[in-house]
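Asker: Protein sequence lines correspond, in order, to chains A and B.
Quick note: the first sequence uses my numbering, first residue 102, plus one each step.
Quick note: the second sequence uses my numbering, first residue 32, plus one each step.
Each residue gets a CB set at the ideal place from its N, CA and C atoms; glycine is no exception.
Have a look at the structure that comes next, please.
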Amino acid sequence: GNSVTQMEGPVTLSEEAFLTINCTYTATGYPSLFWYVQYPGEGLQLLLKATKADDKGSNKGFEATYRKETTSFHLEKGSVQVSDSAVYFCALSGESGNQGGKLIFGQGTELSVKP
Amino acid sequence: KAGVTQTPRYLIKTRGQQVTLSCSPISGHRSVSWYQQTPGQGLQFLFEYFSETQRNKGNFPGRFSGRQFSNSRSEMNVSTLELGDSALYLCASSSGQKNTEAFFGQGTRLTVV
């Protein structure tokens, strides 16, 4: 079945460092891919998405490119801030019509940014 | 546009009791999904309701059930609570079409004592 694998955390970086969080997936067909972020005590917020191969999703300085050849959707940011400290989840969508409302998540990667 | 609203935010229940959680999706969204989040198991899909019908179901025991009303609001019920049911329960709202994103509520933190 479909699955998502993320790099294990926690990831600890200094402010202004470069961030990469790896995400790979297994899926039949052509799912959409997402990154969600969760701040302490909160629900998940959609960070960015990509709906087809070679699409690049971007938001708030974060980017991720849908790579079908390597089945990857790695999250990157050029210069992290303390306020980026959170847990990041990679997810893929259901591909068929009746799976549309279901998301499959990776295990989450905790990011801690130190001043 | 109002976001996804979950009530209550926090609950403390005793083993053996039952609990009902509520979720109001974004206006116009017909799909509501429920997830359980725990430190050990991460985010696990419980079930999805679309136009008042359960469309998808995860691997949870029958003690976990749900329903959706004609206005798309959804409730989730857990009967005969166990200590292991302590978790953050998240509701997600979407159009329900394939390859669409979901928007999450802030969750209900359930503690079973």
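So which of A:VAL181, A:GLU211 and A:LYS169 has the shortest CA-CA distance to ALA154 of chain A?
Answerer: Taking the first residue of the first sequence as position 1, residue 154 of chain A is located at position 53. Taking only the C-alpha atoms, the option nearest ALA154 of chain A is A:LYS169.
Asker: Residues bridged to PHE135 of chain B by DSSP?
Answerer: As a first step, residue 135 of chain B must be located in the second sequence, where it is residue number 104. DSSP output for PHE135 of chain B lists B:ALA123 as bridge partner(s).
Asker: Just mark VAL144 of chain B as buried or exposed, buried being the case when its beta carbon has 16 or more other beta carbons within 10 Å.
Answerer: As a first step, residue 144 of chain B must be located in the second sequence, where it is residue number 113. VAL144 of chain B comes out exposed.
Asker: Can HIS112 of chain B and GLN48 of chain B be called in contact, C-beta distance under 9 Å?
Answerer: Within the second sequence, the letter at position 81 stands for residue 112 of chain B. Within the second sequence, the letter at position 17 stands for residue 48 of chain B. Sequence inspection shows Leu at residue 112 of chain B; the His mentioned does not correspond to that position. A contact, by the Cβ cut-off of 9 Å.
Asker: Along the segment 113 to 140 of chain A, what residues have a CB closer than 9 Å to any CB found in chain B?
Answerer: The residues in question are TYR131, PRO132, SER133, PHE135, TYR137 and GLN139.
Asker: Whose Cβ in chain A lies nearer than 7 Å to the Cβ of PHE76 of chain B?
Answerer: In the second sequence, residue 76 of chain B corresponds to position 45, counting from 1. Going along chain A in sequence order, the residues near PHE76 of chain B (Cβ under 7 Å) are LYS203.
Asker: Do ALA133 of chain B and LEU147 of chain A count as a contact pair if the criterion is CB distance below 9 Å?
Answerer: As a working mapping, residue 147 of chain A is identified with position 46 in the first sequence. As a working mapping, residue 133 of chain B is identified with position 102 in the second sequence. Yes, these two residues count as a Cβ contact at 9 Å.
Asker: Which class does GLY158 of chain A belong to by DSSP, given the choice of helix, strand or coil?
Answerer: For the purposes of this step, residue 158 of chain A is taken as residue 57 along the first sequence, with counting starting at 1. DSSP places GLY158 of chain A in strand when its eight states are reduced to three.
Asker: From what residue to what residue does the beta strand (DSSP E) around LYS203 of chain A run?
Answerer: Within the first sequence, residue 203 of chain A is the residue found at index 102, counting from 1. Run containing LYS203 of chain A: none; DSSP gives neither H nor E here.
Asker: Using 10 angstroms around the beta-carbon of ASN102 of chain B, count the other beta-carbons present and answer buried if the total reaches 16, otherwise exposed.
Answerer: In the second sequence, residue 102 of chain B corresponds to position 71, counting from 1. Answer is exposed; the Cβ neighbour count stays below 16.
Asker: With a threshold of 9 Å between beta-carbons, can SER194 of chain A be considered close to chain B, or not?
Answerer: Numbered from its first residue, the first sequence carries residue 194 of chain A at position 93. It does: the Cβ of SER194 of chain A has a partner Cβ on chain B nearer than 9 Å.
Asker: By the criterion of Cβ-Cβ separation under 8 Å, what are the contact partners of LYS150 of chain A in chain D?
Answerer: This model lacks chain D altogether; the protein chains it does include are A and B.
Asker: Restricting to runs no shorter than 3 residues, where is the beta strand (DSSP E) found entirely within the segment 117 to 146 of chain A?
Answerer: With a minimum length of 3 residues, the continuous beta strand (DSSP E) runs that stay inside the segment 117 to 146 of chain A are 120 to 122, 124 to 127 and 134 to 139.
Asker: Span of the beta strand (DSSP E) holding LYS178 of chain A?
Answerer: The sequence position of residue 178 of chain A within the first sequence is 77, counting from 1. Where LYS178 of chain A is concerned, the enclosing beta strand (DSSP E) stretches over 176 to 178.
Asker: List the DSSP bridge partners of LYS215 of chain A.
Answerer: Position 114 of the first sequence, counting from 1, holds the residue named residue 215 of chain A. For LYS215 of chain A, which the question treats as bridged, DSSP gives the partners A:SER115.
Asker: Is the shortest distance between the beta-carbon of VAL109 of chain B and the beta-carbons of chain A less than 9 Å?
Answerer: Numbered from 1 along the second sequence, position 78 holds the residue referred to as residue 109 of chain B. No, because no Cβ of chain A sits closer than 9 Å to the Cβ of VAL109 of chain B.
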